[in-house]
Each structure stands twice: as structure tokens, then as C-alpha cells.
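What follows is a single structure, written as C-alpha cells, with notes after it.
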Amino acid sequence: DPRAELKRKAAIEAADMVREGMVVGLGSGSTSAFMIEELGRRWAEGLRFCAIPTSERSAEQARSHGIRLVTFATHPQIDIDIDGADEVERGSLNLIKGLGGALFREKIVAAASRKFVVVVDDSKLVDRLGARVPVPVEVATFGWTSTARQLEALGARITQRMDRSGNVFVTDGGNMILDCHFGEIADSAQLQAQLAQVVGVIETGLFIGRTSEVIVATATGLQKLVA
Ligand code: DER
């Protein structure tokens, strides 16, 4: 993946923002994996911090580096959350996340963080959310076909998220994901409000007004976008 090197550079830049003693939100996905690997290197060099992971997969990777994991029970306030995104809207820095299936815990961690830093390569930048990817929506399994009909009434074409072996994907929280294809979204804040009202919807991959800054890796270097 030629973009892997770009993602890695951006992830290292983000990892550099973690200071001694911080409580760190660990994102999920391939870019976050580079960031966790870099934090593992810094932990091995003696940097001490603690972390709250946004997925079992990220937790496993952090544990393999010996990084100290904590929970919200003891650490309700996170200093910096570093995560990837599937789309970043230019200007607003609103996001679509969740193609990795971790959006529910990712949004909880982002919402609990003083600073939410998003790390992407420039292929993720769009003029309008929805341009390239659907909005992942985490729904309760109970009554999901009825929830799906309500989402279709809002204009979504729906695909049920499946896992690699072709079974229905189950999130870390035990729920399902319906990928909602809206096409370009004119007003993502309004859509988020509408989706959140649908009974059976647990959380959506629309991250509106939450981004502190975005580190973008391009072929010619790193860019920093600030909300
Ligand atoms: O699922 C997610 O929200 C991931 O963070 C995703 O948005 C980014 O994954 P990537 O870094 O592998 O592209």
C-alpha cells in the first residue's frame, strides 16, 4: 500500500503529541495501528502515560507493547485522543468514521477527550461528506429491519455490514452496523440529528464539530488542519 508510508509519517507526528503522564485515547484502523506502534516504541524508551483503547484490536496491540491500559472508571477525562477517519470534510473538519467497525467506542472516547486529533492521508479529504463512503450506523440487533426502514425513509440505501467470513458483523459492543449510502450530504449536522432520533440507532459514524485538528500526510509532506 503506497499510502502506508504516508499514514505512518502522519501517525508518528501525532504520537509526538503524547506527553509524560497523559491519558491517551487509542483509535482503531490501520493509521491508528501505526500510531500505537510508535507509542509502543516511546513506552519502551521510558515514556509513561496510560491509554483507553477504542477497540479490542487496538487494546491487544497496545498490550503487546506493554502500554498501561486504563478504563473510564478511573480515568473519565482523556487528554488527547488520536484516531483515523474515512472522510474529512474540508473546512468543517467533520468526519465520517466507522468503516473499521469501531465507531461507537471511538465516538465515546473522542467525546471524553480534551483534544481530538485525526490522522489521515490526503485521499480521505473531501469537499462534502458522503462523497465516497457510506455513513456507518450502529444499531441494536433487535428490530434492525424496522430500524433499517426508518433509515431508508431518511434517504439511505442500506447494506448490512458483513465480516470477512460472510457472516453478519458484530461490533465489540455486540451490535450490528448498517452502512447508509446517502451520497453527498448537504447538511451533515442535520442528518446526524435525524439519525440520532431513529429508535434502534445506537450511534452513527458522523463526527460533527468534534475535531480539534487533522494531520494530513501528502506525497509532499505533512499538513495540519485546525478547526
Ligand atoms: O473505522 C474507523 O473509524 C477507522 O478509524 C477508520 O476511519 C480509519 O481507518 P484507516 O486508518 O485504516 O483508513
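Per the UniProt record's numbering, the sequence shown runs over residues 7 to 233. Ideal Cβ placement from N, Cα and C applies to all residues, glycine included. Predicted, not measured: the structure shown is a model, and the values here were computed from it.
With respect to the alpha helix (DSSP H) encompassing residue i, which residues constitute its N-terminal and C-terminal limits?
i, result
"Pro8", "8-21"
"Phe40", "36-50"
"Glu62", "62-70"
Which residues bound the beta strand (DSSP E) around residue i?
i, result
"Thr210", "207-210"
"residue 234", "Any answer about residue 234 is impossible in this case: the structure gives the chain only from 7 up to 233."
"Gly76", "Contrary to the premise, residue 76 reads as Val rather than Gly in this sequence. Segment: none, Val76 is in no beta strand (DSSP E) and carries neither H nor E."
"Leu32", "29-32"
"Glu95", "93-95"
"Glu144", "141-145"
"Pro59", "56-59"
"Gln89", "This sequence places Asp at residue 89; Gln is not what is there. That run of the beta strand (DSSP E) goes 84-89."
Would residue i pass as a contact of residue j if the rule is Cβ separation under 8 Å?
i, j, result
"Val132", "Gly31", "no"
"Leu231", "Val220", "yes"
"Val123", "Asp87", "yes"
"Leu212", "Gln196", "no"
"Leu99", "Ile191", "no"
"Phe110", "Glu144", "yes"
"Ala146", "Ile208", "yes"
"Asp85", "Thr60", "no"
"His81", "Ile58", "yes"
"Cys56", "Arg74", "yes"
"Ala21", "Leu45", "yes"
"Val94", "Ala17", "no"
"Leu217", "Ala233", "According to the sequence as given, residue 217 is Thr; it is not Leu. In contact: Thr217 and Ala233 (Cβ atoms closer than 8 Å)."
"Arg170", "Ile183", "no"
"Ala117", "Phe78", "no"
"Val29", "Gln83", "yes"
"Gly97", "Trp150", "no"
"Arg54", "Gly35", "no"
To which residues of the same chain is residue i closer than 7 Å at the C-beta, ignoring the five residues directly before and after it?
i, result
"Gly72", "Trp49"
"residue 285", "There is simply no residue 285 to check, as the chain begins at 7 and stops at 233 in what is shown."
"Leu105", "Asp92, Val139, Pro142"
"Thr177", "Gly107, Phe110, Glu144, Ile183"
"Val204", "Thr153, Gln156, Leu157"
Starting from the C-beta of residue i, find all residues in its chain whose C-beta is less than 8 Å away, skip the five residues before and the five after it, and write them out in chain order.
i, result
"Leu12", "Asp127, Asp128, Ala223, Thr224, Ala225"
Can you find the residues in the same chain that come closer than 6 Å, C-beta to C-beta, to residue i, ignoring five residues on each side of it along the sequence?
i, result
"Gly33", "Thr60, Ile88, Asp89, Gly90"
"Met41", "Ala17, Ala20, Ala21, Ile88"
"Lys121", "Ile86, Ser218"
- Curious, which full-length beta strand (DSSP E) runs of at least 3 residues does the segment 160-230 contain? 163-166, 182-187, 207-210, 219-224
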